[in-house]
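S.K.:
Protein chains: 2
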Amino acid sequence: MDQVKIIEIKKSVFADNDKDAADLRKELKHKGVYLLNLMSSPGAGKTTTLIRTINLIKDRIRVAVMEADIDSDVDAVKIKEATGIPSIQLHTGGMCHLDAEMTRQGLDNVALEGTDLVILENVGNLVCPAEFDTGAVRNAMILSVPEGHDKPLKYPLMFSVCDLVVINKMDVLPYFDFDLDKCREYIHMRNPKATVIPICAKTGEGVEAFAEWLLAEVEAWKR
Amino acid sequence: MDQVKIIEIKKSVFADNDKDAADLRKELKHKGVYLLNLMSSPGAGKTTTLIRTINLIKDRIRVAVMEADIDSDVDAVKIKEATGIPSIQLHTGGMCHLDAEMTRQGLDNVALEGTDLVILENVGNLVCPAEFDTGAVRNAMILSVPEGHDKPLKYPLMFSVCDLVVINKMDVLPYFDFDLDKCREYIHMRNPKATVIPICAKTGEGVEAFAEWLLAEVEAWKR
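In order, the protein sequences belong to chains X and A.
Convert by adding 370 to the 1-based position in the first sequence; the result is the number in this note's numbering.
Convert by adding 370 to the 1-based position in the second sequence; the result is the number in this note's numbering.
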């Protein structure tokens, strides 16, 4: 198994996370690096989606991944093995989210001058990560069909802060009571401008739409 | 639609949650009330499981439910409509977990003298709720098949603190790469004494085992 770098993240001492996040974003803009903050529940399929997507775009832009987790390095190893791109593991030491300073600790271990897109896979959690600006250009989330179409009603902040909602595991739609139209309606109740992309990371169906969204975002950011 | 009582939970001012939780547990023992803290990811099926289970036991013991959620009262209303038992909604105001004092604020709205079992449906989150003793007699969690069998590796604390792991959505096992034996092995790595009960809340299969576990627990607590 490939070895990946594991970074033990320290708790932030900065009081003003919003300012710190804005500073980080400005710095990334200057360096021409796009940072995506990707959130979801545990088991929604973040890692599988990333592997599929990165393999579609890695010949066109230079991608790196930071995998945040309470413990374990299974995700970072999986990404590295399946895509060959630089992948590091951030251990949050029990913390349920990342803020801007913690994200910066991760970015210090990424070769930014040779990177166009850094994807931060946040801790699997629909509550806490929504509360902290990480300094990312955009927030995105993955909601999976088995979780149910009512999630935007129950986790309002998460859906309000996300510019993109990827709906994963569309292949199992026949086995669950999941209403895609209702889900779109609830998502747009929280954020009328959110882009919704249904995919199946397992088969790859729909993933190119997420890849295109990413490529367009990165291009616009670098202009 | 039935109306349910909605309690807006205030942030705790108590510094020593462990002591507060122990005090609450002692008080509940004295009153002969068993409190179960039920946790899971968003969409694992806590509410559907509860409805099935409560309908199996409500003629034998007196049950009440406290549904904790960031927002919305859909779960408490569902429980009340489908089981007829007392059900209240706790709004955490954005907080990602409940501690003992917050649980007590909920219990103040339950008629404890006429109740044998109170089930607290905690906020859907595998990180934060694991960190706080609510004063419950036992912690239980629901892991659903679509989330994957590797979750005990990624959320070690949650699986360490749970005495019971219910594995839900067993009906969709053929459509997911979920290895039940590996899952049991990982759960027991975290807590060798954990009871594991596979169920399908949608069809009711296996739910009677959870019901029997609850009845035996409540009986032992009241002795």
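Using N, Cα and C, we set each Cβ at its ideal position, and we do this for glycine too.
Pick from A/D441, A/L527 and A/A434: whose alpha carbon is nearest that of A/V497?
M.R.: A/L527
S.K.: Just the chain X side, please: which residues come within less than 8 Å of A/C466 by C-beta, in chain order?
M.R.: Within chain X, the residues near A/C466 are C466, N495, V497 and C498.
S.K.: Near A/G505, which residues of its chain fall below 6 Å by C-beta distance, leaving aside the five closest residues on each side in sequence?
M.R.: Contacts found: A391, L394, R395, A470 and T473.
S.K.: Three or more beta-carbon pairs under 8 Å between the region 537-554 of chain X and the region 413-426 of chain X, yes or no?
M.R.: yes
S.K.: Where does A/A579 sit, in a helix, a strand or coil, going by DSSP?
M.R.: helix
S.K.: Please identify the residue among X/A438, X/G413, X/K380 and X/P499 whose C-alpha is closest to the C-alpha of X/L490.
M.R.: Answer by Cα proximity: X/A438.
S.K.: Could you tell me which residues DSSP puts in a beta bridge with X/I489?
M.R.: X/L406 and X/V435
S.K.: To the nearest angstrom, report how far apart X/S411 and A/M511 are at their CA atoms.
M.R.: 15 Å
S.K.: Hey, does X/V542 have any beta-carbon neighbour from chain A nearer than 7 Å?
M.R.: yes
S.K.: Determine the DSSP secondary structure at X/M511, reduced to helix, strand or coil.
M.R.: strand
S.K.: Any Cβ of chain X within less than 7 Å of the Cβ of A/L408?
M.R.: no
S.K.: For A/L523, decide whether its Cβ has a neighbour in chain B, counting only Cβ atoms nearer than 7 Å.
M.R.: This model lacks chain B altogether, as its protein chains are X and A.
S.K.: What residues of chain X sit near A/S411, judged by a beta carbon separation below 7 Å?
M.R.: S411, P412 and G413
S.K.: Output needed in chain order: residues of the region 526-539 of chain A with a Cβ under 8 Å from some Cβ in chain X.
M.R.: Hits within the stretch, in order: P526, L527 and K539.
S.K.: A/R432 and A/D486: beta carbons closer than 7 Å?
M.R.: yes
S.K.: Start and end of the beta strand (DSSP E) containing X/V536?
M.R.: Secondary structure note for X/V536: its beta strand (DSSP E) is the uninterrupted segment L534 to N538.
S.K.: Between the Cα of A/P522 and those of A/V566, A/V542 and A/G484, spot the shortest distance and give me the residue it belongs to.
M.R.: A/V566
S.K.: Please say whether A/N509 and A/C532 have beta carbons closer to each other than 7 Å?
M.R.: Contact: yes.
S.K.: Just to confirm my understanding: we take A/I427, look at its own chain, exclude 5 residues before and 5 after, and list those with CB closer than 7 Å. What are they?
M.R.: V433, A581, L584 and L585
S.K.: By DSSP, does X/V320 sit in helix, in strand, or in coil?
M.R.: Residue 320 of chain X is absent from the model: chain X starts at 371 and stops at 593.
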